[in-house]
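K.L.:
Protein chains: 2
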Amino acid sequence: MTYCVGLLLNDGLVFASDCRTNAGIDNIATYRKMKVFAKDGDRTLVFLSAGNLAVTQAALSLLEEGTRGKKAGNILKAPTMFQVARLAGEAFREVHRIDAEHLKKHNYDFNATLLLGGQIKGEAPRLFQIYAAGNFIEAMPDTPYFQIGETKYGKPVFDRLLKQSMSLAEAAKLTLISFDSTIRSNLSVGLPIDMMCYRRDTLVPGYQERFTEGHPYLAEIRRRWGEALRRSFEDIAPLPMNEAIPELESVR
Amino acid sequence: MTYCVGLLLNDGLVFASDCRTNAGIDNIATYRKMKVFAKDGDRTLVFLSAGNLAVTQAALSLLEEGTRGKKAGNILKAPTMFQVARLAGEAFREVHRIDAEHLKKHNYDFNATLLLGGQIKGEAPRLFQIYAAGNFIEAMPDTPYFQIGETKYGKPVFDRLLKQSMSLAEAAKLTLISFDSTIRSNLSVGLPIDMMCYRRDTLVPGYQERFTEGHPYLAEIRRRWGEALRRSFEDIAPLPMNEAIPELESVR
Numbered sequence: 071m072t073y074c075v076g077l078l079l080n081d082g083l084v085f086a087s088d089c090r091t092n093a094g095i096d097n098i099a100t101y102r103k104m105k106v107f108a109k110d111g112d113r114t115l116v117f118l119s120a121g122n123l124a125v126t127q128a129a130l131s132l133l134e135e136g137t138r139g140k141k142a143g144n145i146l147k148a149p150t151m152f153q154v155a156r157l158a159g160e161a162f163r164e165v166h167r168i169d170a171e172h173l174k175k176h177n178y179d180f181n182a183t184l185l186l187g188g189q190i191k192g193e194a195p196r197l198f199q200i201y202a203a204g205n206f207i208e209a210m211p212d213t214p215y216f217q218i219g220e221t222k223y224g225k226p227v228f229d230r231l232l233k234q235s236m237s238l239a240e241a242a243k244l245t246l247i248s249f250d251s252t253i254r255s256n257l258s259v260g261l262p263i264d265m266m267c268y269r270r271d272t273l274v275p276g277y278q279e280r281f282t283e284g285h286p287y288l289a290e291i292r293r294r295w296g297e298a299l300r301r302s303f304e305d306i307a308p309l310p311m312n313e314a315i316p317e318l319e320s321v322r
Numbered sequence: 071m072t073y074c075v076g077l078l079l080n081d082g083l084v085f086a087s088d089c090r091t092n093a094g095i096d097n098i099a100t101y102r103k104m105k106v107f108a109k110d111g112d113r114t115l116v117f118l119s120a121g122n123l124a125v126t127q128a129a130l131s132l133l134e135e136g137t138r139g140k141k142a143g144n145i146l147k148a149p150t151m152f153q154v155a156r157l158a159g160e161a162f163r164e165v166h167r168i169d170a171e172h173l174k175k176h177n178y179d180f181n182a183t184l185l186l187g188g189q190i191k192g193e194a195p196r197l198f199q200i201y202a203a204g205n206f207i208e209a210m211p212d213t214p215y216f217q218i219g220e221t222k223y224g225k226p227v228f229d230r231l232l233k234q235s236m237s238l239a240e241a242a243k244l245t246l247i248s249f250d251s252t253i254r255s256n257l258s259v260g261l262p263i264d265m266m267c268y269r270r271d272t273l274v275p276g277y278q279e280r281f282t283e284g285h286p287y288l289a290e291i292r293r294r295w296g297e298a299l300r301r302s303f304e305d306i307a308p309l310p311m312n313e314a315i316p317e318l319e320s321v322r
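Structural data, given as C-alpha cells:
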C-alpha cells in the first residue's frame, strides 16, 4: 500500500508520503509518491499518489507533458486550483480510456487516488482529493486534511490533535507521528518519508526533506513519542475491578 | 462495523466488544457481541463476534443448543479449548451450508469472524480467532492479542504498549484507550463497550462491565489520555525547517 497526507492550515500546506510500493509482499520497492510542479512567484502544485502505480504515473506523465504544450491542458497555466484539479481528473479519465479494459482482463482494478494541494497567485492555498473516476473533493475548515492509502492507523492522532491554526512546523511534527504509528503497525507502509511544507503566499516550494531511517528529528520523535505514550499510560490509574460481581448473563 | 479485542496475558484474558450494529448508516442498533458460556470450576468460554450478525448469531445459537444436548457437539463438555474452537468452526460451516447460497442470491457475503478465549480445567488459558470458513488460528506469545472488525485505528496503542506480563487491570485500561481511539475516528464503532476480565485458573467468569457514555472510569480515560497526548505532543520540539533549501526536484 501507501500512506500519503495533505494538511490545509492557515499558514499553508503540509504534504507527506511514504515510499513503499509493493506488488505482493515479495516485490517491494522504493518509489517517490510526491511530485511538485512550480512556477516561482505564480504557483506551487504538489501531487501525492496512491493506488496502482502504473495508473498514477501515467496520469502525472500526461500532466507533465501538458506543461510542455504537447497536450491541451497545462496545469502551469490553469487559472485556478479548481481547474488544475479538473485537468488531473481528466488525466485519470484518459488513462482509464486507454488502460482500464486491459487491466480488467488481468483482474486488476483501476484503483488510484491523487491528493493535489498548492496555491495559485490570487487564490488562497487549496487542497483536493481526486478519485479514479476523475471527480474530486476539496478540503474545508471542518476537516482540513486528507489521507490516502493506509489511512486508518494514523488517523486518531489527527482527529485528536490537528488544528488549522497550527504552525507548519507543529503540523509537520504531527504528520511524522502519524506516519510513525502507521509504519509500526503496517508492513506495507515504509520509510523514507518525503515531506514538503508550503508557506502561504510564498508561491515557491518550501521546506522539503526526505526522512530516512536514522534522520535525527524522526529518531527523536519516535523515541520521545513512544516514551511519552508509555508515561501517559502509566499516569492513568488501572481499571478498578470488582471481580465479585458478574453482571452479565452467561450460559451455564 | 464492529470492534472486538481479545488479549492473552500471563494473568488471564481480557475481552472487549463494542455494541454498534449497522445495516447501512441509516439502520444502526445496539447489540451485545460478547457471549459467555461457563461451568464454574471447570471452564469459562467467551465469544466475541464480528461480521454478518445473522451468521454469528446463528452459529452461537447452534453452540448454545449443543450445550442442551440437542446436537452432537457440546462446548461445555469438550475436553480442550482446541476442541471448542473446532465446534465453533463447525457451527460456521453448518450456517454456511444452510445460508450461503441464499445470501449470494442477494449479493451478501458470508462474512463473519469469532474470537474465542477461555480456560478449561487442566489447560492454560487460550485464545483463538475463527474464520468464516471454520478454520482458526491461536494467539501465541509473539502477538498475544487478536482484533476483529474495525481493527486499524486501535492497533497502534497495542503495538506500542501491550506486554503479556501486564496485569488484567492495566490491560483493561489499554483496551479502553484502544476503543476510545477507534470510536473517535470511526462512526461504525460505538458505545457501550462490553468488557470481561478472566483471571487465570479461577475457572469462573471474572470482572464484567458495560461501559456506557458517562461511565466514570471511561470518562477519566478519555479526558486524561487526550490531555496526556496533547501534553506529550507539545513537549516535542517542532520540526526545525530550513526553508531556504528545496532539496527535491520539481517541474518548473
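Chain order of the listed sequences is P and V.
When we follow the numbering used here, the leftmost residue of the first sequence carries the number 71, and every step to the right adds one.
When we follow the numbering used here, the leftmost residue of the second sequence carries the number 71, and every step to the right adds one.
Glycine included, each C-beta is placed from N, C-alpha and C at the ideal position.
Closest to residue 89 of chain V by C-alpha separation, out of V:293, V:304, V:283, would be which residue?
P.N.:
V:283
K.L.:
Unbroken beta strand (DSSP E) runs of length 3 or more, entirely within the region 105-193 of chain V: which are they?
P.N.:
Those beta strand (DSSP E) runs which fall completely within the region 105-193 of chain V and span 3+ residues are 113-121, 182-190.
K.L.:
Figure out for me which residue from P:82, P:209, P:256, P:251 has the closest Cα to the Cα of residue 185 of chain P.
P.N.:
P:209
K.L.:
Where does the unbroken beta strand (DSSP E) through residue 279 of chain P begin, and where does it stop?
P.N.:
It spans 277-281 - the beta strand (DSSP E) in which residue 279 of chain P sits, taken as one unbroken run.
K.L.:
In angstroms with no decimal places, state the Cα-to-Cα distance between residue 134 of chain V and residue 119 of chain V.
P.N.:
15 Å
K.L.:
Can you list, in chain order, the residues of its chain whose CB lies under 6 Å from that of residue 109 of chain P, leaving out five sequence neighbours each side?
P.N.:
In chain order, 146 place their CB closer than 6 Å to the CB of residue 109 of chain P, counting only its own chain and leaving out the 5 sequence neighbours on each side.
K.L.:
Just to confirm before moving on: does the CB-CB distance between residue 267 of chain V and residue 246 of chain V stay below 9 Å?
P.N.:
no
K.L.:
Tell me the DSSP secondary structure of residue 274 of chain P in three-state form.
P.N.:
In this structure, DSSP gives residue 274 of chain P a state outside helix and strand, which the three-state scheme calls coil.
K.L.:
Use the C-beta contact count for residue 255 of chain V: other C-beta atoms within 10 angstroms, 16 or more gives buried, fewer gives exposed.
P.N.:
Counting of Cβ neighbours within 10 angstroms places residue 255 of chain V among the buried residues, the total reaching 16 or more.
K.L.:
Looking at the C-beta of residue 161 of chain P, does it have a partner C-beta in chain V at a distance below 9 Å?
P.N.:
no
K.L.:
Could you tell me which residues DSSP puts in a beta bridge with residue 236 of chain P?
P.N.:
Per DSSP, none; premise fails for residue 236 of chain P.
K.L.:
Out of P:269, P:206, P:287, point me to the one whose CA is closest to residue 244 of chain P's CA.
P.N.:
Minimum Cα distance to residue 244 of chain P is reached at P:287.
K.L.:
Can you look up residue 201 of chain P in the DSSP assignment and give me helix, strand or coil?
P.N.:
Coil, per DSSP.
K.L.:
Could you spell out where the alpha helix (DSSP H) holding residue 291 of chain V opens and where it closes?
P.N.:
286-305
K.L.:
Does DSSP classify residue 269 of chain V as helix, strand or coil?
P.N.:
Per DSSP, reduced to three states, the secondary structure at residue 269 of chain V is strand.
K.L.:
Please report how far the alpha carbon of residue 190 of chain P lies from the alpha carbon of residue 161 of chain P, in whole angstroms.
P.N.:
The alpha-carbon of residue 190 of chain P is positioned some 20 Å away from that of residue 161 of chain P.
K.L.:
Under 9 Å between beta-carbons, which chain V residues line up against residue 306 of chain P? List them in chain order, please.
P.N.:
243, 247, 290, 291, 294, 295, 298
K.L.:
On a CA-only basis, which of P:196, P:86, P:261, P:206 is nearest residue 114 of chain P? Give me that one, please.
P.N.:
P:196
K.L.:
Please classify residue 309 of chain P: is it buried, with 16 or more other beta-carbons within 10 angstroms of its beta-carbon, or exposed?
P.N.:
buried
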